[in-house]
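Asker: Here the protein sequences come in this chain order: A, B and C.
In this text, residue positions in the first sequence follow our numbering: the first is 2, and each later residue adds one.
In this text, residue positions in the second sequence follow our numbering: the first is 369, and each later residue adds one.
In this text, residue positions in the third sequence follow our numbering: the first is 497, and each later residue adds one.
Sharing a structure with you now.
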Amino acid sequence: MVGAKSHKVLIFALMAGILAFFYMPIISLMVFSFNDSRSLTSWSGFSLQWYEALFKNREMMMAITTTLSIALMSTFVATILGTLAAIGVSKSKRLVKELVLSVNNFPILNPEIVTAIGLMLLYSSLNIQKGYLTMLLAHIIFSTPYVILSVLPKLRRLDPDIAEAALDLGATPLEALWKVIVPMILPGIISGALIAFTMSFDDFVISYFVSGNGVKNISILVYTMSKRINPTINALSTILVVIITAVLLIVNLYPMLNKKKELKEAE
Amino acid sequence: MKGYASLVKPYIVWMSLFIVVPMLLIVLYAFTTSGNELISFRFTLDNFFRFFDPVFIKVLIKSLEVALITTILCIIIGYPIAYIIANASEKSQTLLILLITLPMWINMLVRTYAWISILSDGGLLNSLLEFIGLPPMKLMYTDFAVMLGMVYNFLPFMIISIYTVLAKLDKALIHASHDLGANPLQTFLRVVLPLSLPGVISGITLVFLPAVSTFVIPKFLGGGQYMLIGNLIENQFITVGEWNFGSAISLIMAFIIMASMMMTRKMDRDASENTGNEGGKLW
Amino acid sequence: MKKLSMLILVLVFILTGCNSNEKTLKVFNWGVYIDETLIEEFEEEYGVRVVYDTFDSNESMYTKLMSGEVYDVLVPSDYMVQRLIDENLLQPLDKSVVNMANVMPHVMNQSFDPNNQYSAPYFWGNVGIIYDTTQVDEADLTGWDVLLNTKFKGNVYFYDSERDAFMVALKALGYSANSKDDAELQAAFDWLTQLNSTMDPIYVTDDVIDNMIAGNKALAIVYSGDAAYILDENEDMGYFVPEQGTNVWVDSFVIPANAENPEMANAWIEFMLSEDAQTRNTLEVGYTTVHQGVWEAMIAEDGDYAGNTAYEVRLGNPNDEIFMYDEVLKVKMADLWLKVKAQ
């Protein structure tokens, strides 16, 4: 079985290679955030000075709060708007449905830069001063289509009779919506919200074109600071990586832990 | 029940104002000239003619080339990886997918920025070369750097797209193929590969489109002379201030992308028809 | 669920309400062009909130203005000041607040703003070549055409700025940097194209600074302020300004006509012209100060920039010119520069 063994070695090497490729920049980023000198290539010793500098840097702290607040708020609004729109679409006539979904696809199919300049032209024509609100609005605009696409499949699989049954039993349309429909499509809503959050948190191109007034998110900050060597960016990035890793681990381990709990209780 | 349909009305208004109008504005700016005031303008095709200059056409072709090469590289590297993961044990699969997707969650600019220090003279890669005994190479601001950055950013999307379809593949089909006497290679070429095509096509759309229009990666890793069509558009809107010309370029680019999307859609439909598989959608 | 939505509504109110309550001063300046501790000091002293935004080229600053952004203070270069004045986009400075008595006389009263009605100088300098003394001999430094010397192929950083690029080409050919002559511009375009194809230059902006400190290439076109900083950090570097002439530039504070807080804007400018602010800024940024007293202190024997050939901007060369603005020229140059790079 020599063939099988060399096969396995090859597979292992390939996977290891790819993972090394993916993680080398991230690890390098994290390592040099602790560098004692202002270099990203030669190590001089351990220091937390860049983390200190990060927390003292007003611009960077503001960028972090901006990114977070916009992500949270845009996710909230996009989720509600998108869910309601999806419910409406699923009950609409075929023509309306197709039209709405086609237009809804524009922000998804269009390159980001096209969406970005479209919005920039819109704000400019309406003489709206660019700033926090324009960025927030833009994030809601490009997130909502993804929420709709997340929720719609769940709606399609929904039994149409259940909502009718609720109405027959005396529920108001609002109650039927809130207590019957929404819980059944909740997985779609949640995944839509997650996508919206990620897209907003990570966004660069659209934010870059529609922000102004000194309002910056993390991506714009990294973009403007990248021309000079600035390990404070490394410090910020390291914190982001740690938080994201922690969240992903929790999200993935939670169901496993739950299962273990259930198994224990079943005994 | 009919009441619920009216829930879509607010969104229709929303879309008209925030999706349709911006698109129309781009078209308007592309076909007019006058600067950035909406009040005075005249219709013209000048902006488009201006683009048909050999220099700009070269930029367009280069962008398409770079995007195409990136996509092909992502398929060549991504397919085997997706295949390996799909055939691993279930526990390993979850772990491996987690490891592959984690970088995707990290801000794209941060990930690209990380490569600058690695590729610079005196950076990690050059130190590695010196360690092996090879002479140091100029890696930053080259085609290689940009391609590396592109593949790095888009590979996870390709892997996930292909993996999603491969993982759903009915193992019974593979067993049946073996039972009927096909060797592993034949099974792969004639059963697995065609069935996985929708995933590949889905991956292509996820990679090619952003690769054509990206401007951050060339800007960070390629230097000012690395001009792709995204850089051209950004330059026109942010630096030069010629919004009319910029809009025309955007329309041309959007048109080309839409044409290639329709082609891949057709390929997707053909592939699905042949295999009865639903397209490898991500959600 | 209801409590959550209440909380979020409150959050929204707080975030949107916050901005309109305080008095704000909006400053639009070059990136990495100030000692940031001064911003907080100004805020405390005058009780305003400073919104500090940055740009990386005169052109993108102008485009941002045209897209509807409103600022109280801008810091454009000479020719851009001229353009803004020509287009009636500036308001005069309040001379009762802004005192320019300490500004070096040869930086004042330039052609773009005689009598300094609209502008107060901030930093000044010229454009030159920073070179690695271990790779480049004095003999090689014949003029701007050292950049065409194939001995340094693949070893050159060129500044990604259309005006500076054409200035270098025009000066190398013996023409004026403000030439509007089509034949001369075409010759300059050809010069740049030749450089692009034979020398494999890398077009950079601010990243040239850290790259040259690391000694990654032999030659680079830089602003004198960046050169001063590089010379400070890397002993092997030298600064060369060709006899053929170069561009002498001045970056100045101006107040847009539509500024919302002109009173505070004038206060800011006066604050930045003080000896303390000028000292701290020039030490932090490396660019040459306009304050006479600070200048003398810096280049004195025990000064921080003693012997720094880039900091002491050359005066008296008749070939050194300041940029003028011309609308037609601007469009031509922008287009040509794009073509040089895209090849």
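Cβ coordinates follow ideal geometry from the N, Cα and C atoms, glycine included.
All of these numbers come straight from a predicted model, not from anything done at the bench.
1) Less than 8 angstroms between the CB atoms is what I'm expecting for C:Y614 and C:V750, so what's the real figure, rounded?
2) Report yes or no: is there a C-beta of chain B within less than 7 angstroms of the C-beta of A:Y224?
3) Near B:L534, which residues of its chain fall below 7 angstroms by C-beta distance, leaving aside the five closest residues on each side in sequence?
4) Measure how close the beta-carbons of B:A513 and B:L589 come, nearest whole angstrom, since I'm counting them as under 8 angstroms.
5) Please work out which residues of its chain come closer than 6 angstroms, Cβ to Cβ, to A:F205, disregarding the five sequence neighbours upstream and downstream, and give them in chain order.
6) Please state whether DSSP places C:Q587 in a helix, a strand or coil.
7) By the criterion of Cβ-Cβ separation under 7 angstroms, what are the contact partners of C:V566 in chain A?
8) Got a sec, what are the start and stop residues for the alpha helix (DSSP H) C:G624 sits in?
9) Rounded to whole angstroms, what's the CA-CA distance from C:E766 to A:K57? Just pull it up for me.
10) Output, in sequence order along the chain, the residues in the region 580-603 of chain B whose CB is closer than 8 angstroms to any CB in chain C.
11) Check this for me: beta carbons of A:L168 and A:A87, under 7 angstroms apart or not?
12) So, helix, strand or coil for B:R633, using DSSP?
13) Once DSSP output is grouped into helix, strand and coil, what is the label at B:I530?
14) Less than 7 angstroms separating the beta-carbons of C:D531 and C:E780?
15) Whose C-beta lies closer than 6 angstroms to the C-beta of C:N517 among residues of the same chain, with five residues either side of it excluded?
16) Mind the definition here: the region 719-727 of chain C touches the region 802-819 of chain C only if three or more C-beta pairs lie below 8 angstroms; say whether that holds.
17) On the CB-based measure, 16 or more other CB atoms within 10 Å of its CB, does C:T512 come out buried or exposed?
18) Taking a cut of 8 angstroms between CB atoms, which residues from the region 710-729 of chain C lie near chain B?
19) Residues in its own chain within less than 6 angstroms of C:L637 by CB, not counting five upstream and five downstream?
20) Quickly, what does DSSP pair A:T233 with across the bridge? List them, please.
21) Determine, using beta-carbon pairs with one atom in the region 489-509 of chain B and one in the region 432-440 of chain B, whether at least three such pairs fall under 8 angstroms.
22) Consult DSSP for B:D638 and reduce its assignment to one of helix, strand or coil.
23) Is the Cβ of B:L466 closer than 7 angstroms to any Cβ of chain A?
24) DSSP state of C:R545, grouped into three classes?
25) First and last residue of the alpha helix (DSSP H) that includes C:V809?
26) Just the Cα atoms here: how many angstroms apart are C:V594 and C:N762?
27) Roughly how many whole angstroms lie between the Cα atoms of A:L15 and B:I445?
28) So C:Y548 contacts chain A; which residues on that side make the cut at Cβ distance below 8 angstroms?
29) Give me the subset of the region 43-59 of chain A whose CB atoms are less than 8 angstroms from a CB atom of chain B, sorted by chain position.
30) What are the residues that DSSP puts in a beta bridge with C:S748?
31) Hey, quick one: how far does the beta strand (DSSP E) through C:A716 stretch, first residue to last?
32) Using a beta-carbon distance below 7 angstroms, is B:D489 in contact with chain C?
33) So with CB distances below 7 angstroms, who are the chain A contacts of C:D816?
34) Just mark C:W833 as buried or exposed, buried being the case when its beta carbon has 16 or more other beta carbons within 10 Å.
35) For the region 234-263 of chain A, list every residue whose C-beta sits within 7 angstroms of some C-beta in chain B, in sequence order.
36) Given 8 angstroms as the limit, is there contact between the region 640-656 of chain C and the region 696-703 of chain C, that is, 3 or more CB pairs closer than that?
Answerer: Reading it off the structure:
1) 6 angstroms
2) yes
3) A450, Y451, A454, S564 and G567
4) 4 angstroms
5) S220
6) strand
7) Q130
8) Element bounds for C:G624: not the alpha helix (DSSP H) but the beta strand (DSSP E), S615 to D628.
9) 27 angstroms
10) G591, G592, Q593, M595, L600 and N603
11) no
12) helix
13) helix
14) yes
15) Unreliable positioning characterises C:N517 in this predicted model, as indicated by a pLDDT of 46, which lies under 50. The coordinate reading is nonetheless provided below. Excluding positions up to five away in sequence, the list is empty.
16) yes
17) Only weak support is given to the placement of C:T512: the predicted model assigns it a pLDDT of 47, under 50, and the value that follows is read from those uncertain coordinates. That one is exposed.
18) A710 and N712
19) F736
20) The partner list for A:T233 (beta bridge, DSSP) is empty, contrary to what the question assumes.
21) no
22) helix
23) yes
24) strand
25) Element bounds for C:V809: n/a, residue is neither H nor E.
26) 6 angstroms
27) 10 angstroms
28) E60 and G215
29) S43
30) C:P617
31) L715 to Y719
32) yes
33) Those do not exist, as C:D816 stays about 28 angstroms from chain A at its closest Cβ, beyond 7 angstroms.
34) buried
35) I234, S238, L241, V242, I245, T246, L249 and N253
36) yes
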